[in-house]
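Asks:
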Amino acid sequence: MSIPTTIPTIAAIDNSALAAQLDQRINNKTKPLGSLGMLETLAKQIGLIQQTTDISLKQAVILVFAADHGIVAEGISAYPQDVTWQMVANFLAKGAAINVFAQQNHCDLQIIDAGVNHNFGSRDGLIDRKLAHGTRNFAQLPAMTPETCHRALASGMALVAELQGNVIGFGEMGIGNTTAAAALMHKLTGIPVAQCVGAGTGLSSDGVLHKQRVIEAAVALHSTAIEPLDILATFGGLEIAMMVGAMLQAAERRMVLLIDGFIVTSALLVAARISPAILDYCVFSHCSNEHGHREMLQHLHARPLLQLSLRLGEGTGCALALPLLHASVNFLNQMATFESAQVSEKS
Ligand SMILES: O=C(O)c1ccc[n+]([C@@H]2O[C@H](COP(=O)([O-])O)[C@@H](O)[C@H]2O)c1
Ligand SMILES: Cc1cc2nc[nH]c2cc1C
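Just so we're aligned: the sequence shown equals residues 244 to 590 in the working numbering.
What follows is the structure in structure tokens.
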């Protein structure tokens, strides 16, 4: 499938003059050189994204994309498909983990129906971008048509084009989506399926082996899917495809992209194959306990901020990492310098 001409163009963030200014500003703060570790790296990255030494975070928002997956017919999840729509209702009622953590950290939430297998009617707070009642079962057919995949990308882009802020977290909800994500990971990295599959919501070891066999058979069936968007349409979910579009648009707008767990990172694998420079804009919130996530992050040379054994999704890692982003911006803006505080520098 060809890449649509509407795909955003993403500029690499390297700017050596600004990088030197940021290093100088960071190093002049009253602390031993390098002692704020990854917060220093983060402050510099945010400066390069925003093209200034005067960095700020405005109106952080987490977008939670929800959809269903035809592959659940193969018995690859520990939970029934209905949990997808039931959890969407829980998000709207503010009862899920992501509601609690987002509120705690003053972060807006947007819940998007990308393709849930349920008729919600009109529900306050639900952003209706439903493209289908779930994908097709990719053990038999490509999960979506090229047209649906393009529509999902365009919807994701349009959502982000309307945002006001400069930091965006990505979250998802979809029973079965760790199977889609593992298939994407295998196809996009070449890592054997056995190293890409995990327990998801809680499969037994026999269940994980069955999931591996399902993916291996589907990969053999769809051996002609080679290009990133073909791979996305063949194995992806509607929420994953919408996230790919949203991520590309967010990077074009020079926003800070907060990446959550295994499924969100699988969407980023697709986006990075289309526009590798997107990685300059990404902050990896955490390393999930889903088996393949560590290797997925290594493949991207990504260093996650947190390691909390989370495996929930919903954007929870993003919400929990947000205070660290604020800490990095605040130290750069608010700490005294050696000169202003009259502290002696390294001898
Ligand atoms: O974010 C993660 O790393 C993560 C790891 C395991 C499971 N999940 C969540 O669990 C659901 C998918 O799990 P499963 O077993 O149904 O494929 C989906 O709603 C995800 O948000 C999320
Ligand atoms: C209850 C439940 C909540 C979730 N949130 C994200 N994925 C989920 C999967 C289940 C099963």
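All C-beta atoms in this analysis are idealised placements derived from N, C-alpha and C, irrespective of residue type, glycine included.
Predicted model only: the values in this text are computed from it and were never measured.
Identify, in the order they occur along the chain, each residue of the same chain with its Cβ nearer than 6 angstroms to the Cβ of residue 474, setting aside the five sequence neighbours on each side.
Replies: As a position in the sequence shown, residue 474 is number 231, starting the count at 1. Here the set comprises 430 and 468.
Asks: What alpha helix (DSSP H) runs, 4 residues minimum, are completely inside the region 478-563?
Replies: You should have 481-495, 505-517 and 536-542.
Asks: Just list the beta strand (DSSP E) runs in the region 304-354, keeping only unbroken ones of 3 residues or longer that don't cross its boundaries, in chain order.
Replies: Listed in chain order, the complete beta strand (DSSP E) runs (minimum 3 residues) inside the region 304-354 are 304-310.
Asks: Please list the terminal residues of the continuous beta strand (DSSP E) segment that includes residue 413.
Replies: In the sequence shown, residue 413 corresponds to position 170, counting from 1. Taken as a continuous stretch (DSSP letters only), the beta strand (DSSP E) holding residue 413 covers 410-416.
Asks: Should residue 482 be counted as a contact of ligand 2 given a C-beta to heavy atom distance under 7 angstroms?
Replies: Here residue 482 corresponds to residue number 239 of the sequence shown, with the count starting at 1. Not so, every heavy atom of ligand 2 lies at least 7 angstroms from the Cβ.
Asks: Consult DSSP for residue 374 and reduce its assignment to one of helix, strand or coil.
Replies: Taking the sequence shown and counting its residues from 1, one reaches residue 374 at position 131. Residue state, collapsed to three classes: coil.
Asks: The alpha helix (DSSP H) that contains residue 262, what's its start and end?
Replies: The count along the sequence shown starts at 1 and reaches residue 262 at position 19. Where residue 262 is concerned, the enclosing alpha helix (DSSP H) stretches over 259-270.
Asks: Indicate whether the contact test is met: 3 or more Cβ pairs, each with one atom in the region 459-468 and one in the region 395-414, closer than 8 angstroms.
Replies: The region 459-468 is not in contact with the region 395-414.
Asks: For a test of your reading of the model: does the CB of residue 290 fall under 7 angstroms from any non-hydrogen atom of ligand 2? Yes or no.
Replies: In the sequence shown, counting from the first residue as 1, residue 290 sits at position 47. Incorrect: residue 290 has no Cβ contact closer than 7 angstroms to ligand 2.
Asks: Cβ of residue 356 within 7 angstroms of any heavy atom in ligand 1?
Replies: What you label residue 356 is simply residue 113 of the sequence shown in a count that begins at 1. Every heavy atom of ligand 1 is 7 angstroms or more from the Cβ of residue 356, so no.
Asks: At which residues does the alpha helix (DSSP H) containing residue 589 begin and terminate?
Replies: As a working note, residue 589 is residue 346 in the sequence shown. That residue, residue 589, is in no alpha helix (DSSP H); it is neither H nor E in DSSP.
Asks: Between 411, 587 and 387, which has its C-alpha nearest residue 304's C-alpha?
Replies: In the sequence shown, residue 304 corresponds to position 61, counting from 1. Looking at the Cα atoms, 411 is the closest of the given residues.
Asks: Is the distance from the Cβ of residue 357 to the Cβ of residue 316 below 8 angstroms?
Replies: Within the sequence shown, the letter at position 114 stands for residue 357. Within the sequence shown, the letter at position 73 stands for residue 316. The answer is no: Cβ separation not under 8 angstroms.
Asks: Does the beta-carbon of residue 546 have 16 or more other beta-carbons within 10 angstroms, so that it is buried, or is it exposed?
Replies: The count along the sequence shown starts at 1 and reaches residue 546 at position 303. Answer is exposed; the Cβ neighbour count stays below 16.
Asks: Find the nearest neighbour of residue 314 within the set 253, 517, 274 and 421, judged by alpha-carbon distance.
Replies: Position 71 of the sequence shown, counting from 1, holds the residue named residue 314. The shortest Cα separation from residue 314 among 253, 517, 274 and 421 belongs to 421.
Asks: Can you find the residues in the same chain that come closer than 7 angstroms, C-beta to C-beta, to residue 408, ignoring five residues on each side of it along the sequence?
Replies: Along the sequence shown, one-based indexing puts residue 408 at 165. Closer than 7 angstroms at Cβ, skipping near neighbours: 301, 302, 303 and 304.
Asks: Figure out for me which residue from 526, 577 and 551 has the closest Cα to the Cα of residue 291.
Replies: Indexing the sequence shown from 1 puts residue 291 at position 48. The option with the nearest alpha carbon to residue 291 is 526.
Asks: Examine ligand 3 and report whether any of its heavy atoms sits within less than 7 angstroms of the Cβ of residue 405.
Replies: Judged by which ligands are present, ligand 3 is missing from the structure shown, whose ligands are ligand 1 and ligand 2.
Asks: Please determine, among 544, 484 and 299, the residue with the shortest C-alpha to C-alpha distance to residue 250.
Replies: Here residue 250 refers to the residue found at position 7 when the sequence shown is read from its first residue. If we check each option's Cα against that of residue 250, 484 comes out closest.
Asks: Would residue 503 be called buried (16 or more neighbouring beta carbons within 10 Å of its own) or exposed?
Replies: To locate residue 503, count along the sequence shown from 1; it is residue 260. With 16 or more other Cβ atoms within 10 Å, it is buried.
Asks: Could you check where the alpha helix (DSSP H) with residue 255 kicks off and where it finishes?
Replies: For the purposes of this step, residue 255 is taken as the residue at position 12 of the sequence shown. That residue, residue 255, is in no alpha helix (DSSP H); it is neither H nor E in DSSP.
Asks: Report the three-state DSSP secondary structure of residue 369 (helix, strand or coil).
Replies: Stepping through the sequence shown from its first residue, residue 369 is reached at position 126. Three-state DSSP puts residue 369 in a strand.
Asks: Which value, in whole angstroms, describes the spacing of the CA atoms of residue 599 and residue 551?
Replies: The requested residue 599 is not part of the displayed model; the chain covers only 244 to 590.
Asks: Across which residues does DSSP place residue 580 in a beta bridge pair?
Replies: Taking the sequence shown and counting its residues from 1, the one referred to as residue 580 is at position 337. 272.
Asks: Determine, using beta carbons only, whether residue 286 and residue 574 come nearer to each other than 8 angstroms.
Replies: Here residue 286 refers to the residue found at position 43 of the sequence shown. Here residue 574 refers to the residue found at position 331 of the sequence shown. Yes, they are a contact pair.
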